[in-house]
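Enquirer:
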Amino acid sequence: MKINPSVNDSLKERAAHGSQEFPLQVYQDMEYCENGLILYNHWHEEAEILFVTEGMMELAVDGISILAGKDTIVLIPPNLLHVAYQYQNQKCRFSSIVFHPDFVSSKNRDIIQAQQLDPFFENSFVSSYVIYGTDLKSETVRGLLRELTASYLASNPYRELLIKGYLYQILSHLLIKEEKHNIKSMSDYINEERKKKILKYIDENYQNPLSLDALAGSVSLSREQFCRFFKKSFRSTPISYLNRFRINRSMALLKETSLPVIDIAIAVGFDSSNYFAISFRKATGMTPSQYRNMT
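Count along the sequence shown from 1, add 6, and you get the number used in the numbering used here.
1. Inspect the beta-carbon positions of F109 and P29 and report whether they are closer than 8 Å.
2. Short of 7 Å in beta carbon distance, which residues of its chain neighbour K237, apart from the five on each side in sequence? Order them along the chain.
3. Just verifying my parser: in three-state terms, what is the DSSP assignment at T140?
4. Kindly indicate which three-state DSSP category S279 falls into: helix, strand or coil?
5. So does the segment 30-40 actually touch the segment 111-128, counting three or more Cβ pairs closer than 8 Å?
6. Quick one: residues in its chain with C-beta nearer than 6 Å to the C-beta of Y281, no 5 flanking neighbours on either side, listed in chain order?
7. Give the C-beta separation of L167 and L81 to the nearest angstrom, bearing in mind that I take them to be a contact with Cβ-Cβ under 8 Å.
8. Going by the beta-carbon positions, is the gap between M63 and Y91 smaller than 8 Å?
9. Are there 16 or more other CB atoms within 10 angstroms of the CB of N249, so buried, or fewer, so exposed?
10. So, is Y174 buried or exposed, given that buried needs 16 or more other C-beta atoms within 10 angstroms?
11. Taking just the CA atoms, how far does V89 sit from I44?
12. Taking the beta strand (DSSP E) that I70 falls in, what are its first and last residues?
13. What's the call for A302, buried or exposed, on a 16-neighbour Cβ count within 10 Å?
14. M300: buried (16+ other C-beta within 10 angstroms of its C-beta) or exposed?
15. My guess is that F232 and L218 are in contact by the Cβ rule of under 8 Å, so how many angstroms apart are they, rounded?
16. Am I right that D277 and P215 are in contact with their C-beta atoms under 8 Å? What's the rounded C-beta distance?
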């Protein structure tokens, strides 16, 4: 699997994983990072088991962020966007098993398919799909992953049967629903830190031209991810928030200085005095000059 995957316009990965006869592939000891990005944002029809063998990464699956450190195992359902970032400049090494749902599906829709596999294949990412190194079943699952990988690399004529057997055992551990609290607290921590970083970036750069790409880049998100995160966090679009922030700064300058309106517009980051006047009126119900005169 390419770490910088070849994707189409919908971010679907074009690469095939395994073959039609054996739709599973193991990727071992991957250690890549480009400008803080370990995995580019992408999705595929296959499910994925990702396990960290060294260091730590910030992994986001379907908008949920977790800190995945050494020995963390994450089960990623099919068709969900996922992306991974370097965490605090740490080196990170990981492996993954990517397999098509058909590989473990029943020929006839039995109780295993209906009650255990289909809910995973069709639903979103949940906390029970993460096993941390401190979890009681972590060593068991890591042992099964080692056995599966060894079988994958072996030339045993029954290797495919062994691999499938180990995969079923791994899934049986990962799909068991257990109450977990740490994933939420980690996700909340990451999101709070991200919000602080965004606000700090705006406060330090509002005087300059700020594009959506620049804002998104300040927290290593794509434009689409950033806009969704921002609206959910601040109940506003990034541009509306930025304009309002600049208007608030301009109100102080209108009140406390005698600078011409056009200079104030430029000082707070507007590249057009007309757009500044329109935005100011929209926010306050009056022109900048009217506001200055009333104070």
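Quick reminder that beta carbons are idealized off the backbone N, C-alpha and C, glycines included.
Expert: Answer, in terms of the structure:
1. yes
2. T243
3. coil
4. helix
5. no
6. none
7. Not really, about 22 Å apart at Cβ, beyond 8 Å.
8. yes
9. buried
10. exposed
11. 8 Å
12. 70-75
13. Lying before the first or after the last residue shown, residue 302 is absent from the chain, which here runs from 7 to 301.
14. exposed
15. 7 Å
16. 7 Å
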